[in-house]
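Colleague: Residue numbers (my numbering): 11 to 292. Quick reminder that beta carbons are idealized off the backbone N, C-alpha and C, glycines included. On a predicted model such as this, the values are computed, not experimentally measured, just so you know.
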Amino acid sequence: MKFNTKQSGRGKSSLGAIGIVVLVGIYSFAQPVLNDRYGLNLPALRSNQAGQGAVAEVSDNSSSLQRGETQTSEKKRTASKPSSSGTANSATVKQDSAKSGTSQPGMSERARGPLADRMSPTKSGAKSATVSPASSSSRQIDAKQVEGAGDSDLLYGLLREVSPKRYMSPAGLQYVPGSAEGHRLEHLRRHTKDNPSRAGSHGVFDGEMEGALKTIDKAYERAKKGTRTTKRTDDGRTIYTVDMGGRIGYVGGRDGNRKRKPMARRVRMVLEGTRVITAYPM
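(1) What residues are listed by DSSP as bridge partners for Ile36?
(2) Count Cβ pairs between the segment 169-185 and the segment 218-227 that sit closer than 8 Å; are there 3 or more?
(3) Run through DSSP, which three-state label would Asp253 get?
(4) How do the segment 269-288 and the segment 238-257 stand: do at least 3 beta-carbon pairs fall below 8 Å, yes or no?
(5) Mapping the DSSP letters down to three states, classify Ile287 as helix, strand or coil.
(6) Measuring only the C-alpha atoms, how far is Leu183 from Met292?
(7) Quick one: using the 10 Å Cβ neighbour count with 16 as the cut-off for buried, is Pro53 buried or exposed?
(8) If you drop the 5 nearest sequence neighbours on each side, which residues of the same chain put their C-beta closer than 6 Å to that of Glu67?
(9) Look up Ala190 in the DSSP assignment and say whether it is helix, strand or coil.
(10) Just reading off the alpha helix (DSSP H) that Leu281 is part of, what are its end residues?
(11) Let me confirm a value: Ile36 is counted as buried when at least 16 other C-beta atoms fall within 10 Å, else exposed. Which label applies?
(12) Quick one: what does DSSP say Thr248 is sitting in, helix, strand or coil?
(13) Should Ala289 go down as buried or exposed, given a rule of 16 or more other Cβ atoms within 10 Å for buried?
(14) Let me check understanding here. Comparing Cα to Cα, which of Ile28, Leu169, Val277 lies closest to Arg231?
(15) Pull the bridge partners of Tyr260 from the DSSP assignment, please.
(16) Please go through the same chain and pick out, in chain order, the residues whose beta-carbon is closer than 7 Å to the beta-carbon of Arg208, but skip the five residues on each side of it.
(17) Keeping to the same chain, check which residues put their C-beta closer than 8 Å to that of Glu220; ignore five residues upstream and five downstream.
(18) Could you give the C-beta distance for Gly213 and Ala274, rounded to a whole number, given that I count them as a contact under 8 Å?
(19) In three-state DSSP terms, what is Thr243?
(20) Does DSSP put Tyr166 in a helix, in a strand, or in coil?
(21) For Pro187, collect the residues of the same chain with a Cβ closer than 8 Å to its Cβ; drop the 5 residues on either side in sequence, then sort them by chain order.
(22) Whole angstroms is fine: what's the gap from Met254's alpha carbon to Lys271's?
(23) Using alpha carbons as the reference points, say which of Pro206, Glu191, Gly256 lies closest to Asp216.
(24) Specify, as a first and last residue, the run of the beta strand (DSSP E) that Met178 falls within.
(25) Quick one, which of Thr240, Lys241, Pro206, Leu198 has its alpha-carbon nearest Ala222's?
(26) So what does DSSP say about Ser207, is it helix, strand or coil?
(27) Would you decide whether Gly266 is buried or exposed? Buried here means 16 or more other CB atoms lie within 10 Å of its CB.
(28) At the level of alpha carbons, what is the spacing between Thr239 and Ser173?
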């Protein structure tokens, strides 16, 4: 009986050893297949002791990896908390500065950016509205120079030269070469000064040439409307006598000087179409 017991014990131990060997072989064969197919990280077993060491190493590595990930996540959380608090603090500072009307120069410039001042309606409006006295006065001088240049191109400040020696007034009357003086304007000039030695009456316009030209234009406008105007024709020429309703000159010559130069309030114009032949006060 004792012999049989020993033999049965030896048989069981040999069967267990064989089973362990078989399991180790199956595991060694199945380990790479399972890792490739299911993405597992099963350790390889070189021997019993080596396998135990590998399993322990894998467990240690996994635990250390988990600890590292935990520490990293904790660092990220701690890092995010100050940034959020910093954002809240900066927002509070901006609100306080906006309420108080004062802001920190460095922070406002960084927050606004380089184009903020140009895009700001208040600052741009203030810059555009701010004009120095020197610039405004220079603009006024320039405007006067432009006006002077425009007037200098006009004869007597009124007549525009439409062709050589042919001038047109603002009302559309034309002054062209002709008469004994060589030009109608030279003939008109005689009626801007008195000639006491001339026989009869001699009408003289107030305001010299500029005043005479303006008065003739006004009389022509009245004549076209028929306002206090008499009209007749003679040899293709139209003769207007227009009452201007007030003084436009005086009557000179021998008769006028004998009467102490009475006031003239009417204008007589002799026209050929729009061309002025003569015009004088009466």
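Modeller: In this structure, then:
(1) Along the sequence shown, read from residue 1 onward, the residue named residue 36 stands at position 26. Answer by DSSP bridge pairing: none, since Ile36 is not bridged.
(2) yes
(3) Working through the sequence shown from its first residue, we reach residue 253 at position 243. It is a strand residue.
(4) The segment 269-288, when compared against the segment 238-257, does touch it at the 8 Å Cβ threshold.
(5) As a working note, residue 287 is residue 277 in the sequence shown. Residue state, collapsed to three classes: strand.
(6) Reading the sequence shown from its first residue, position 173 is the one you call residue 183. Reading the sequence shown from its first residue, position 282 is the one you call residue 292. So the alpha carbons of these two residues sit roughly 20 Å apart.
(7) Walking along the sequence shown from the start, residue 53 turns up at place 43. That one is buried.
(8) In the sequence shown, residue 67 corresponds to position 57, counting from 1. Low confidence applies here, because Glu67 scores a pLDDT of 45, under 50, leaving its location unreliable; read the following figure in that light. Excluding sequence neighbours, Glu67 sits near nothing in its chain.
(9) Here residue 190 refers to the residue found at position 180 of the sequence shown. DSSP, reduced to helix, strand and coil, places Ala190 outside both helices and strands of the structure shown, so it counts as coil.
(10) What you label residue 281 is simply residue 271 of the sequence shown in a count that begins at 1. No alpha helix (DSSP H) contains Leu281, which is instead part of the beta strand (DSSP E) from 276-282.
(11) By one-based count along the sequence shown, residue 36 stands at place 26. So Ile36 counts as exposed.
(12) Position 238 of the sequence shown, counted from the start, is the residue given in the question as residue 248. Note: Thr248 maps to strand in three-state DSSP.
(13) Taking the sequence shown and counting its residues from 1, one reaches residue 289 at position 279. With 16 or more Cβ atoms within 10 Å of its Cβ, Ala289 is classed as buried.
(14) The residue given as residue 231 occupies position 221 in the sequence shown. Inspection of the sequence shows that residue 231 is occupied by Glu rather than by Arg. Glu231 has its Cα closest to that of Val277, out of Ile28, Leu169, Val277.
(15) Stepping through the sequence shown from its first residue, residue 260 is reached at position 250. Answer is Val214, Met273, bridged to Tyr260.
(16) Taking the first residue of the sequence shown as position 1, residue 208 is located at position 198. So the list reads Gly263, Arg264, once near-sequence residues are dropped.
(17) Counting from one through the sequence shown, the residue named residue 220 turns up at place 210. So the list reads Tyr166, Gly167, Leu168, once near-sequence residues are dropped.
(18) Translated into the one-based positions of the sequence shown, residue 213 becomes position 203. Translated into the one-based positions of the sequence shown, residue 274 becomes position 264. That pair is a contact at about 6 Å.
(19) Here residue 243 refers to the residue found at position 233 of the sequence shown. In this structure, Thr243 counts as strand in the three-state DSSP scheme.
(20) Locating residue 166 in the sequence shown gives position 156, counting from the first residue. Coil at Tyr166, not helix or strand.
(21) Within the sequence shown, the letter at position 177 stands for residue 187. Here the set comprises Lys175, Arg176, His193, Arg194.
(22) Locating residue 254 in the sequence shown gives position 244, counting from the first residue. Locating residue 271 in the sequence shown gives position 261, counting from the first residue. If I take the Cα positions, the gap works out to 18 Å.
(23) Position 206 of the sequence shown, counting from 1, holds the residue named residue 216. Ranking Pro206, Glu191, Gly256 by Cα distance to Asp216 puts Gly256 first.
(24) In the sequence shown, the residue the question calls residue 178 occupies position 168. Residues 176-178.
(25) Position 212 of the sequence shown, counting from 1, holds the residue named residue 222. Ala222 has its Cα closest to that of Leu198, out of Thr240, Lys241, Pro206, Leu198.
(26) Looking up residue 207 in the sequence shown gives position 197. Three-state DSSP puts Ser207 in coil, outside helix and strand.
(27) The residue given as residue 266 occupies position 256 in the sequence shown. Label assigned to Gly266: buried.
(28) As a working note, residue 239 is residue 229 in the sequence shown. As a working note, residue 173 is residue 163 in the sequence shown. Cα to Cα, the separation comes out at about 31 Å.
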